[in-house]
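Remarks on the structure that follows.
Residue numbers (mature numbering (1 follows the signal peptide of the UniProt record, and there is no 0)): -19 to -1, 1 to 796.
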């Protein structure tokens, strides 16, 4: 046992030494008072929020599949006969009647899908720590290791705790040591599921073998998801089990091993946790920690960001005070980099291969009835979760979304057939772990929207553009083509201002409202702008992707029908009621909420690729200016009031090449949209804003959604670089076409870049966007592939011929 203590001490010293120069670290000088002060760990399946109290420690715990119940087929039995009536009422302008009928005839039965729940809490009650020296207290989360910790002293005894959630071994590990002095570790620990007051929402808690406790139960449903948890401790002190508690005393080291399983994946969750826990204990703490780091660190290190500034302030402060200083006006680019890397950490912690996708709160949810059910909202939020996956070199984490689409494809076929009389598949604005695609609730501004399946399937195309993986594309052709078939079957002819178009009906512009002539507010509409923007992205992307594959399993007639439909979709309309802005609806309605958080009619700007910037192929100055005016109009009226909406705004300004506005909204994100633990504040907490922030910073540093007129991918380096990020370095950013970039800049100008080509082929690289200076590229890679300057009228642009898996290095000098 003495050897174990020495090994533990060595690990602690190594970790502390490494932390001295670690900028990717959140730290605090007091325990968490609120859940949004606590620090998250996770492995995609088990998540925990750590409060770090020296006396009464609390770790709120989640398991990815603890939802309120099993799958239900919920399509309203009268929806198929109701649908044409609703369409007719909308076409004749009787919108209120259409909405009234839809609320009874299209609403699912029951109206709600399953929601995500907390699993419970791990609570530790300590003896002998109440008089700890508060000046020695530190609570921290190391993003480079995905390990959280607590340090403090009682007299001359140093207490140290480490917590991590291991993906390779599916256990939550809590390691505790007491070093020096007279104090020892003495505590009790239990796992329970508190449900208001002294009530418990588990069925049973008990111990076995004197060293292991269990909690078993099920969610509150006629068809519950059953769960089981197991907790054991290894220590050099005394250990005993009483009821649902484990008691430790007279120890210098103790390690708690915890795991959980549910009936979603296991016929016998109890047997599953026994097997997992036994393997973890046999490995021991040091080996578990080693395996955890070997798994996690390659993912995290695949993309790193450093931002420097001569007048940077606040970087030596605890994280909460650092945020406060930024709110007071401090310039702290390092905090931007930390928030960027925190988003990547959160995605790794809540979305791993073989797990469910990250939900509305990632994997961390403290309630039984959480806001919006903490499930999958798919009219922006789930999509935003995965915006940084490809560009920040975490493409492997995108697969969980594709797994969910496989489920939705199956259930969505039934909904398309039984609700809309259509082929293919579709989904509405929410789904859950079962892939339920029937309408959720009766909220008119959101419930009856049918474009989520189209938007979600564009992620398949994005993964293909980034990876060039033709086998992947072919494996997803059916999901893509079936999504398209639904719209080909359901689009309706509609005439506006003498022009006939194919439009969606019924629909909404997600969660927004407009005014009828009588002044009343309404939501249901024909052909909102976002619908045809999303369809255009999907249809064109599908045609382009299929064209890259030899002998694709798609009939030529199908492609021709898509092209014919594309030609009949409405174009962008510019409002006359609100001069210069894009219309949100096909009719120029009066807006009821001009500062609304959703700006869905800017999908075409981002994440869509339909409004390229000046000097890019396909640029349309009128639409470009209208997109900017649309965003500015929304913001002028109080838009971007939620964290995720602010994050989307950052992405839009990145695409608009407006570095000042981008930096202003990054400042606003820290000013109003983050909690002390850097979680995004809707409020309440929604993880999508964290991932949208990371995406927005990436978009400021690299953009690759454009192609030249001959189809060559264009990559723009540092397109929207704020002056506050005067110097910096980023490694591992990925561009469409399979190009991985390391970029260095100084005094606001590109200094050098390294590029790896995963696929091969030509790429056009542009730099110095918005600069009046001319840069000169020097190839410093010492050969390896052809390199040539592109003869072009566009300054600061080069063409690089690449070979698969080759790396190329370049230095830039400026006149």
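Quick reminder that beta carbons are idealized off the backbone N, C-alpha and C, glycines included.
Nothing here was measured: the structure is a model prediction, and the numbers come from that model.
Secondary structure of residue i, DSSP reduced to three states
i: residue 798; result: The structure shown does not extend to residue 798, since the chain is modelled only from -19 to 796, so the question has no answer here.
i: residue 539; result: helix
i: residue 21; result: strand
i: residue 190; result: coil
i: residue 770; result: Because residue 770 sits at a pLDDT of 48, beneath the cut-off of 50, its placement in the model cannot be relied upon, and the following sentence gives the value as read from the coordinates. In this structure, residue 770 counts as strand in the three-state DSSP scheme.
i: residue 114; result: strand
i: residue 133; result: strand
i: residue 800; result: A query on residue 800 cannot be resolved here, the shown segment of the chain reaching from -19 to 796 and no further.
i: residue 704; result: coil
i: residue 619; result: coil
i: residue 566; result: coil
i: residue 286; result: strand
i: residue 260; result: helix
i: residue 230; result: strand
i: residue 505; result: coil
i: residue 430; result: coil
i: residue 798; result: Residue 798 cannot be examined here, being either before or after the span of the chain that is shown, -19 to 796.
i: residue 345; result: coil
i: residue 632; result: helix
i: residue 522; result: helix
i: residue 406; result: coil
Residue i versus residue j - alpha carbon distance
i: residue 557; j: residue 478; result: 13 Å
i: residue 329; j: residue 366; result: 11 Å
i: residue 322; j: residue 760; result: 30 Å
i: residue 318; j: residue 393; result: 40 Å
i: residue 554; j: residue 645; result: 29 Å
i: residue 254; j: residue 656; result: 34 Å
i: residue 90; j: residue 58; result: 8 Å
i: residue 772; j: residue 532; result: Low confidence applies to residue 772: its pLDDT is 48, below 50, so where it sits in the model is not reliable, and the reading given next is rough at best. Near 35 Å, if we compare the C-alpha coordinates of residue 532 and residue 772.
i: residue 585; j: residue 481; result: 22 Å
i: residue 551; j: residue 563; result: 13 Å
i: residue 800; j: residue 42; result: No answer is possible for residue 800: the residues shown for the chain start at -19 and end at 796.
i: residue 85; j: residue 419; result: 14 Å
i: residue 547; j: residue 357; result: 29 Å
i: residue 485; j: residue 587; result: 21 Å
i: residue 778; j: residue 23; result: 43 Å
i: residue 604; j: residue 559; result: 15 Å
i: residue 28; j: residue 331; result: 7 Å
i: residue 684; j: residue 237; result: 45 Å
i: residue 540; j: residue 524; result: 7 Å
i: residue 348; j: residue 21; result: 16 Å
i: residue 784; j: residue 743; result: 9 Å
i: residue 269; j: residue 186; result: 26 Å
i: residue 192; j: residue 209; result: 17 Å
i: residue 308; j: residue 297; result: 16 Å
i: residue 792; j: residue 611; result: 39 Å
i: residue 47; j: residue 334; result: 18 Å
Residue(s) in a DSSP beta bridge with residue i
i: residue 571; result: 496
i: residue 646; result: None; residue 646 has no bridge partner.
i: residue 712; result: 285
i: residue 195; result: 187, 211
Residue i and residue j closer than 9 Å at C-beta
i: residue 45; j: residue 336; result: yes
i: residue 207; j: residue 218; result: no
i: residue 598; j: residue 689; result: yes
i: residue 811; j: residue 162; result: The requested residue 811 is not part of the displayed model; the chain covers only -19 to 796.
i: residue 632; j: residue 577; result: no
i: residue 171; j: residue 107; result: no
i: residue 158; j: residue 213; result: no
i: residue 173; j: residue 183; result: yes
i: residue 13; j: residue 658; result: yes
i: residue 368; j: residue 676; result: yes
i: residue 570; j: residue 642; result: no
i: residue 220; j: residue 155; result: no
i: residue 711; j: residue 731; result: no
C-beta neighbour in chain D for residue i, strict 9 Å
i: residue 636; result: The structure shown contains no chain D; it is built from a single protein chain.
key: the segment 399 to 410 in contact with the segment 426 to 438 per 3-pair CB rule at 8 Å   = yes
message = Counting beta carbon pairs with one atom in the segment 696 to 703 and one in the segment 712 to 726, are three or more of them shorter than 8 Å?
response = yes
task = Give a yes or no on contact between the segment 109 to 124 and the segment 62 to 75, applying the rule of three or more CB pairs nearer than 8 Å.
result = no
message = Closer than 8 Å is the cut-off here; do at least three beta carbon pairs connect the segment 735 to 748 with the segment 456 to 469?
response = no
ask   = Counting Cβ pairs closer than 8 Å, one from the segment 451 to 467 and one from the segment 701 to 715, do we hit at least three?
value = no
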